[in-house]
Amino acid sequence: MFEKKEPTKWRIPVLILIGVLVLSSGIYLGIKTRNIDSNKNQAKVEETSNEKSKEVFELNKDCEMWVQKKNEDGSDSKEGPIMIGTIPQELINKSKDEIVAYLKDKYPDRTIENMSKYEIVLSEVMSTNDESKANKYTIESNEGNIGLYKYDAKGNKKLLEKTSISIESLPKTAQSEIKKGVVVETEDDAYSRLEDFGS
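Just so we're aligned: 168 in UniProt numbering is position 168 of the sequence shown, and the numbers increase by one with no gaps anywhere.
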(Lines of atoms letter the chains of each structure in order from A and count residues from 1; the text may use other names and numbers.)
(Lines give C-alpha, C1' and ligand atoms only; values in the text may rest on other atoms or scores of the structure.)
Protein backbone atom coordinates (compact mmCIF):
# COMPACT_ATOMS: atom_id res chain seq x y z
CA MET A 1 0.00 0.00 0.00
CA PHE A 2 2.56 2.53 0.93
CA GLU A 3 5.65 2.73 -1.04
CA LYS A 4 8.85 3.66 0.57
CA LYS A 5 10.54 6.61 -1.10
CA GLU A 6 14.22 6.90 -1.30
CA PRO A 7 15.63 10.01 0.33
CA THR A 8 16.77 12.55 -2.18
CA LYS A 9 20.48 13.02 -2.41
CA TRP A 10 20.39 16.66 -3.38
CA ARG A 11 19.06 17.98 0.00
CA ILE A 12 22.38 17.98 1.85
CA PRO A 13 24.37 19.82 -0.84
CA VAL A 14 21.58 22.40 -1.22
CA LEU A 15 21.47 23.04 2.53
CA ILE A 16 25.26 23.47 2.64
CA LEU A 17 25.12 25.83 -0.34
CA ILE A 18 22.34 27.90 1.28
CA GLY A 19 24.30 28.03 4.57
CA VAL A 20 27.46 29.26 2.79
CA LEU A 21 25.43 31.80 0.83
CA VAL A 22 23.73 33.17 3.97
CA LEU A 23 27.04 33.30 5.86
CA SER A 24 28.89 35.10 3.05
CA SER A 25 25.97 37.54 2.62
CA GLY A 26 26.07 38.32 6.34
CA ILE A 27 29.81 38.97 6.23
CA TYR A 28 29.43 41.15 3.13
CA LEU A 29 26.65 43.25 4.69
CA GLY A 30 28.60 43.59 7.94
CA ILE A 31 31.67 44.90 6.13
CA LYS A 32 29.60 47.33 4.04
CA THR A 33 27.76 48.78 7.04
CA ARG A 34 31.00 49.09 8.99
CA ASN A 35 32.58 51.06 6.12
CA ILE A 36 29.54 53.32 5.85
CA ASP A 37 29.51 53.92 9.62
CA SER A 38 33.25 54.61 9.71
CA ASN A 39 32.90 57.06 6.80
CA LYS A 40 30.07 58.83 8.64
CA ASN A 41 32.12 58.94 11.85
CA GLN A 42 35.14 60.27 9.99
CA ALA A 43 32.98 62.95 8.37
CA LYS A 44 31.58 63.88 11.80
CA VAL A 45 35.10 64.10 13.25
CA GLU A 46 36.18 66.36 10.38
CA GLU A 47 33.10 68.54 10.85
CA THR A 48 33.68 68.92 14.60
CA SER A 49 37.37 69.69 14.09
CA ASN A 50 36.43 72.33 11.51
CA GLU A 51 33.83 73.73 13.89
CA LYS A 52 36.37 73.87 16.72
CA SER A 53 38.95 75.64 14.57
CA LYS A 54 36.31 78.08 13.36
CA GLU A 55 34.70 78.45 16.77
CA VAL A 56 33.95 82.09 17.49
CA PHE A 57 36.22 83.57 20.18
CA GLU A 58 33.40 85.87 21.39
CA LEU A 59 35.32 89.12 21.75
CA ASN A 60 33.38 91.85 23.49
CA LYS A 61 32.49 94.78 21.21
CA ASP A 62 34.30 97.08 23.68
CA CYS A 63 37.43 94.89 23.88
CA GLU A 64 40.45 97.12 24.52
CA MET A 65 43.83 96.81 22.83
CA TRP A 66 46.92 97.65 24.88
CA VAL A 67 50.64 97.81 24.06
CA GLN A 68 53.19 96.85 26.73
CA LYS A 69 56.69 98.01 25.86
CA LYS A 70 59.51 95.66 26.84
CA ASN A 71 63.27 96.08 26.90
CA GLU A 72 65.50 93.97 24.67
CA ASP A 73 66.29 91.67 27.61
CA GLY A 74 62.56 90.87 28.01
CA SER A 75 61.95 92.95 31.13
CA ASP A 76 59.11 95.47 31.26
CA SER A 77 60.02 99.04 30.41
CA LYS A 78 59.53 101.99 32.73
CA GLU A 79 56.35 102.93 30.90
CA GLY A 80 53.08 101.24 31.75
CA PRO A 81 50.83 99.70 29.12
CA ILE A 82 49.37 102.16 26.61
CA MET A 83 45.83 101.75 25.30
CA ILE A 84 45.75 102.00 21.51
CA GLY A 85 41.98 101.72 21.18
CA THR A 86 39.26 99.13 20.88
CA ILE A 87 39.22 96.25 18.45
CA PRO A 88 37.89 96.75 14.92
CA GLN A 89 34.26 95.62 14.54
CA GLU A 90 35.26 93.12 11.85
CA LEU A 91 36.98 90.95 14.52
CA ILE A 92 33.86 90.43 16.65
CA ASN A 93 32.60 87.13 15.17
CA LYS A 94 35.99 85.67 14.24
CA SER A 95 37.82 82.62 15.55
CA LYS A 96 40.93 82.93 17.69
CA ASP A 97 43.13 81.88 14.75
CA GLU A 98 41.62 84.56 12.51
CA ILE A 99 42.11 87.22 15.20
CA VAL A 100 45.75 86.20 15.71
CA ALA A 101 46.36 86.28 11.94
CA TYR A 102 44.77 89.74 11.69
CA LEU A 103 46.88 91.13 14.55
CA LYS A 104 50.10 89.64 13.15
CA ASP A 105 49.31 91.19 9.78
CA LYS A 106 48.36 94.61 11.18
CA TYR A 107 51.09 94.78 13.86
CA PRO A 108 54.05 92.73 12.56
CA ASP A 109 56.54 94.25 15.03
CA ARG A 110 54.38 93.33 18.06
CA THR A 111 53.59 89.98 19.64
CA ILE A 112 50.41 88.93 21.41
CA GLU A 113 51.09 88.84 25.14
CA ASN A 114 47.55 88.09 26.37
CA MET A 115 44.12 87.75 24.78
CA SER A 116 40.76 87.61 26.54
CA LYS A 117 37.16 88.62 25.77
CA TYR A 118 37.67 92.11 27.15
CA GLU A 119 41.34 92.88 26.53
CA ILE A 120 44.15 92.15 24.09
CA VAL A 121 47.70 92.98 25.23
CA LEU A 122 50.43 93.27 22.60
CA SER A 123 54.11 93.58 23.51
CA GLU A 124 56.67 95.61 21.64
CA VAL A 125 60.44 95.39 22.11
CA MET A 126 62.14 98.73 22.65
CA SER A 127 65.71 99.28 21.65
CA THR A 128 67.99 100.46 24.44
CA ASN A 129 70.33 102.04 21.91
CA ASP A 130 70.27 105.81 22.04
CA GLU A 131 72.96 107.39 19.91
CA SER A 132 72.18 110.85 21.29
CA LYS A 133 73.58 109.61 24.64
CA ALA A 134 76.71 108.02 23.14
CA ASN A 135 79.72 108.18 25.50
CA LYS A 136 77.62 109.80 28.23
CA TYR A 137 76.43 108.77 31.68
CA THR A 138 72.85 108.69 32.94
CA ILE A 139 71.18 108.34 36.30
CA GLU A 140 67.92 106.43 35.84
CA SER A 141 65.46 104.23 37.66
CA ASN A 142 66.55 100.62 38.14
CA GLU A 143 63.89 98.38 39.73
CA GLY A 144 62.71 101.13 42.09
CA ASN A 145 66.22 102.29 43.01
CA ILE A 146 68.68 104.70 41.43
CA GLY A 147 71.05 103.23 38.86
CA LEU A 148 74.10 104.71 37.12
CA TYR A 149 74.41 103.82 33.44
CA LYS A 150 77.07 104.41 30.79
CA TYR A 151 76.35 104.58 27.09
CA ASP A 152 79.11 103.39 24.75
CA ALA A 153 80.03 104.91 21.38
CA LYS A 154 77.16 103.07 19.65
CA GLY A 155 74.59 104.15 22.21
CA ASN A 156 74.30 100.80 24.02
CA LYS A 157 73.38 101.17 27.69
CA LYS A 158 75.35 99.36 30.42
CA LEU A 159 74.63 99.41 34.16
CA LEU A 160 77.67 100.69 36.06
CA GLU A 161 76.29 100.87 39.56
CA LYS A 162 73.06 99.86 41.21
CA THR A 163 72.45 101.82 44.40
CA SER A 164 70.23 101.07 47.37
CA ILE A 165 68.72 104.57 47.22
CA SER A 166 64.97 104.18 46.75
CA ILE A 167 63.37 106.59 44.30
CA GLU A 168 60.30 106.80 46.55
CA SER A 169 62.43 108.31 49.35
CA LEU A 170 63.39 111.31 47.18
CA PRO A 171 61.46 114.57 46.76
CA LYS A 172 58.90 114.65 43.92
CA THR A 173 61.07 116.89 41.73
CA ALA A 174 64.03 114.53 42.06
CA GLN A 175 61.77 111.54 41.34
CA SER A 176 60.49 113.05 38.11
CA GLU A 177 64.04 114.05 37.13
CA ILE A 178 65.33 110.49 37.60
CA LYS A 179 62.35 108.93 35.81
CA LYS A 180 63.18 111.08 32.78
CA GLY A 181 66.88 110.26 33.18
CA VAL A 182 69.66 112.64 34.21
CA VAL A 183 72.28 112.85 31.45
CA VAL A 184 75.84 114.02 32.30
CA GLU A 185 79.03 114.16 30.26
CA THR A 186 81.68 112.69 32.59
CA GLU A 187 81.93 109.96 35.18
CA ASP A 188 82.90 112.48 37.89
CA ASP A 189 79.77 114.54 37.19
CA ALA A 190 77.67 111.37 37.34
CA TYR A 191 79.03 110.35 40.75
CA SER A 192 78.67 113.86 42.18
CA ARG A 193 74.99 113.95 41.06
CA LEU A 194 74.53 110.50 42.53
CA GLU A 195 75.89 111.75 45.87
CA ASP A 196 73.47 114.69 45.72
CA PHE A 197 70.56 112.28 45.39
CA GLY A 198 71.92 110.11 48.21
CA SER A 199 72.11 112.93 50.73
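C-beta atoms are modelled at their ideal positions from N, C-alpha and C, and glycine is treated no differently.
Output the distance between the C-alpha atoms of residue i and residue j, rounded to the nearest integer angstrom.
{"i": "Glu58", "j": "Ile92", "result": "7 angstroms"}
{"i": "Glu143", "j": "Ser176", "result": "15 angstroms"}
{"i": "Ser199", "j": "Asn114", "result": "43 angstroms"}
{"i": "Ile16", "j": "Glu55", "result": "58 angstroms"}
{"i": "Leu159", "j": "Ile139", "result": "10 angstroms"}
{"i": "Gly112", "j": "Ser192", "result": "According to the sequence provided, residue 112 is Ile. The question's Gly does not apply to it. So the two alpha carbons sit approximately 43 angstroms from each other."}
{"i": "Lys136", "j": "Gly155", "result": "9 angstroms"}
{"i": "Tyr118", "j": "Gln68", "result": "16 angstroms"}
Does the Cβ of residue i have 16 or more other Cβ atoms within 10 Å, making it buried, or fewer, making it exposed?
{"i": "Met83", "result": "exposed"}
{"i": "Leu194", "result": "buried"}
{"i": "Ala190", "result": "buried"}
{"i": "Gly147", "result": "buried"}
{"i": "Met126", "result": "exposed"}
{"i": "Ile12", "result": "exposed"}
{"i": "Ile120", "result": "buried"}
Check for me: the beta strand (DSSP E) holding residue i runs from which residue to which?
{"i": "Gly85", "result": "82-86"}
{"i": "Ser166", "result": "157-166"}
{"i": "Ile112", "result": "110-115"}
{"i": "Ile120", "result": "119-125"}
{"i": "Glu143", "result": "Careful: Glu143 lies outside any beta strand (DSSP E) and carries neither H nor E."}
Would you mind reading off the limits of the alpha helix (DSSP H) that contains residue i?
{"i": "Ile99", "result": "96-106"}
{"i": "Lys172", "result": "172-180"}
Of the residues the options, which one's Cα is nearest the Cα of residue i?
{"i": "Pro88", "options": "Pro81, Ile99, Arg11, Thr186", "result": "Ile99"}
{"i": "Lys133", "options": "Val182, Val14, Val22, Asn71", "result": "Val182"}
- Message: Within 8 angstroms, do at least three Cβ pairs link the stretch 104-115 to the stretch 148-155?
- Response: Flag = no, the stretch 148-155 and the stretch 104-115 do not touch.
- Answer yes if the stretch 58-67 comes into contact with the stretch 23-35, meaning at least three C-beta pairs across the two stretches below 8 angstroms, and no otherwise. No: the two stretches stay apart, fewer than three of their Cβ pairs being nearer than 8 angstroms.
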